[in-house]
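S.K.: For what it's worth, this note's numbering labels the leading residue of the sequence shown as 1, then goes sequentially. Backbone N, C-alpha and C define an ideal beta-carbon position, used for all residues, glycine too. Remember, predicted model here, so these are calculated numbers, not experimental data. Below you'll find the structure I mean.
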Amino acid sequence: MHRRMPSFFKYLIVGIFNTAIHVAVFAALQAAGNDQVFSNLVAFIVALSFSYIANAWFTFRVPVSLMRYCVFVAGMGSLSASLGHLADSRSWPPPLTVGLFCLISLPLGFVFSRWVFTEKRRWISR
């Protein structure tokens, strides 16, 4: 069934699980007494790693590779860090930053993921 599902819908499903993983890891690390920077960084890495594997296998049906993973982490991490920097410089409240990131990262993340996972680039698919 999922072979006929549009790739954006598959990406959305992976994104829902990605968000749940991020929130769960962040909450667990906060409950363990860690600060927000550490908790969010670890939660981001864990959730993004899941997202990479799930999108490679489920959404785009391509093999995983270290280079593709590094490009994916760098791209999505840059988007997250850039928005965080903008939010800090404008003194936005955290809920606005998180909400805006969710809205922005869905379409931009999908376009970027399609570029990473489907384009034939020798340097990225090794």
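(1) What does a CB cutoff of less than 6 angstroms around residue 83 pick up in its chain, not counting 5 residues either side in sequence?
(2) Pairs of beta-carbons, one from the stretch 57-67 and one from the stretch 25-37, closer than 8 angstroms: are there three or more?
(3) Mind checking residue 76: buried by the 16 CB within 10 Å criterion, or exposed?
(4) Have a look at 48, 58 and 95 and flag the residue whose alpha-carbon is nearest the alpha-carbon of residue 20.
(5) Going by DSSP in three states, residue 26 sits in which element: helix, strand or coil?
(6) Give a yes or no on whether the C-beta atoms belonging to residue 106 and residue 15 are separated by under 8 angstroms.
(7) Could you name each continuous alpha helix (DSSP H) segment of 4 residues or more that falls completely within the stretch 24-94, going from the start of the chain to the end?
(8) Based on Cα-Cα distance, which residue from 46, 59, 43 and 53 lies nearest to residue 6?
(9) On the CB-based measure, 16 or more other CB atoms within 10 Å of its CB, does residue 99 come out buried or exposed?
(10) Under 8 angstroms between C-beta atoms, does residue 95 make it to chain C?
(11) Could you give the distance in angstroms between the alpha-carbon of residue 111 and the alpha-carbon of residue 38?
(12) What do you reckon, are the CB atoms on residue 113 and residue 18 nearer than 8 angstroms?
(13) Quick check on residue 51: buried or exposed, where buried means 16 or more other Cβ atoms within 10 Å of its Cβ?
M.R.: This is what the structure gives:
(1) 101
(2) no
(3) buried
(4) 48
(5) helix
(6) yes
(7) 36-54 and 66-90
(8) 59
(9) exposed
(10) The structure shown contains no chain C, having only a single protein chain.
(11) 28 angstroms
(12) no
(13) buried
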